[in-house]
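Engineer:
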Amino acid sequence: MINISKATIGRMPAYLRFLKEKEKAGERTISSTAIAEELNLNAVQVRKDLAVISSVAGKPKLGFEISDLIADINRFLGYDNVTDAVIVGAGGLGRALVGYGGFKNYGLNIVAAFDSSPELIGKKFGGVQVYDAADIARLVRRMNVKIGIIAVPQGAAQQVADELIGGGVRAIWNFAPANLNLPTNIAVKNEDMAASLAILSMRLAEILNNEK
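Read in order, the letters of the sequence shown are residues 225 to 436 in the working numbering.
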């Protein structure tokens, strides 16, 4: 994956969802042009993306076998292998993430939650136990978990990240509005909801302005 762009990787889940819908509808083959049209992408780009994950070329007039593409994308993204994760922060966002059963379809299994609130420690949400945040490093190491999800307020995010890394976590999915200072050997994906909302608001303003 060394020479594969983030943009290409980012398009793979959309391809996968679309292909699964087509398979569910009973379709067996599909062309790169059809995929491009449905997802508003360039057909050449789609063919390049699929060439990254599949060694099987599309057949003239038939296209690709949908089941083969699904298997190839699952393997490429690592969805074939379920990876355990923990989440820190059992507030509204944390509970919503824990309760989302779809993560398992993408190879992610949340096995534990942590929080500092006495009212939440010891409870279960979606079958996931909430533990004391003071035990993050110890329990994460015992569970041999490599992915940590952060859903805490900004002021607590860095300490939580440090505790997760101290427990052996190698990748962090950060939902906190904070810029984390992490070692270079730790993978991180920041979900900046404020930035996403700003982009959405600007786009809405443009649409409404054009309608005047």
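Even glycine gets a Cβ: it sits at the ideal position worked out from N, Cα and C.
What is the DSSP secondary structure of K347, counted as helix, strand or coil?
Structural biologist: DSSP places K347 in coil when its eight states are reduced to three.
Engineer: Determine the burial state of Y324: buried for a count of at least 16 other Cβ atoms within 10 Å of its Cβ, exposed for fewer.
Structural biologist: The residue in question, Y324, is exposed, as its Cβ has fewer than 16 Cβ neighbours within 10 Å.
Engineer: For V322, report the span of its alpha helix (DSSP H) as first-last.
Structural biologist: It spans G316 to G323 - the alpha helix (DSSP H) in which V322 sits, taken as one unbroken run.
Engineer: Quick check on this structure: which residue in I228, S420, L240 and V312 has the alpha carbon closest to the alpha carbon of D356?
Structural biologist: The shortest Cα separation from D356 among I228, S420, L240 and V312 belongs to V312.
Engineer: My assumption, with CB atoms under 8 Å, is that F338 sits in contact with I373. Please give the rounded CB distance.
Structural biologist: With 8 Å as the limit, F338 and I373 do not qualify as a contact, their Cβ atoms being about 10 Å apart.
Engineer: Could you give the residue range of the alpha helix (DSSP H) that holds L243?
Structural biologist: Element bounds for L243: K230 to K248.
Engineer: When the Cα of R252 is compared with those of L274, A275 and G287, which residue comes out closest?
Structural biologist: The shortest C-alpha separation from R252 is found at G287.
Engineer: How many whole angstroms separate the CB atoms of L274 and S256, which I take to be in contact at a CB cut-off of 8 Å?
Structural biologist: So it is a contact: roughly 6 Å between Cβ atoms.
Engineer: Are the region 324-336 and the region 299-308 in contact at 8 Å, needing three or more beta carbon pairs?
Structural biologist: Contact between the region 324-336 and the region 299-308 is present, because at least three Cβ pairs lie under 8 Å.
Engineer: With distance defined between alpha-carbon atoms, name the residue in V276, A411, A381 and A402 nearest to G392.
Structural biologist: The candidate whose alpha carbon is nearest that of G392 is A411.
Engineer: Can you give the Cα-Cα distance for G316 and Q383, rounded to whole angstroms?
Structural biologist: Rounded to whole angstroms, G316 to Q383 spans 20 Å at the Cα level.
Engineer: Identify whether G391 lies in helix, strand or coil by the three-state DSSP scheme.
Structural biologist: Three-state DSSP puts G391 in coil, outside helix and strand.
Engineer: Could you name the residues that DSSP lists as bridge partners for G372?
Structural biologist: V310 and I396, per the DSSP bridge assignment.
Engineer: Could you tell me which residues DSSP pairs with V268 in its beta bridges?
Structural biologist: Partner(s): none; V268 has no beta bridge.
Engineer: Could you say which of V335, M367 and P237 lies nearest to I294 if we only look at CA atoms?
Structural biologist: Of V335, M367 and P237, the residue nearest in Cα terms is P237.
Engineer: Alpha carbon to alpha carbon, how far is R235 from A267? Give it in angstroms, no decimals.
Structural biologist: Roughly 13 Å separates the two Cα atoms.
Engineer: Are the beta-carbon atoms belonging to N398 and E415 less than 9 Å from one another?
Structural biologist: Yes; because the gap between Cβ atoms is below 9 Å, this pair is in contact.
Engineer: Could you check which residue in I431, M367 and R299 has the C-alpha nearest to that of I233?
Structural biologist: The candidate whose alpha carbon is nearest that of I233 is R299.
Engineer: Going by Cα to Cα distance, which pick from A336, I259 and L363 is closest to G351?
Structural biologist: G351 has its Cα closest to that of A336, out of A336, I259 and L363.
Engineer: Taking the DSSP output, what are the residues bridged to I334?
Structural biologist: The partner list for I334 (beta bridge, DSSP) reads A309.
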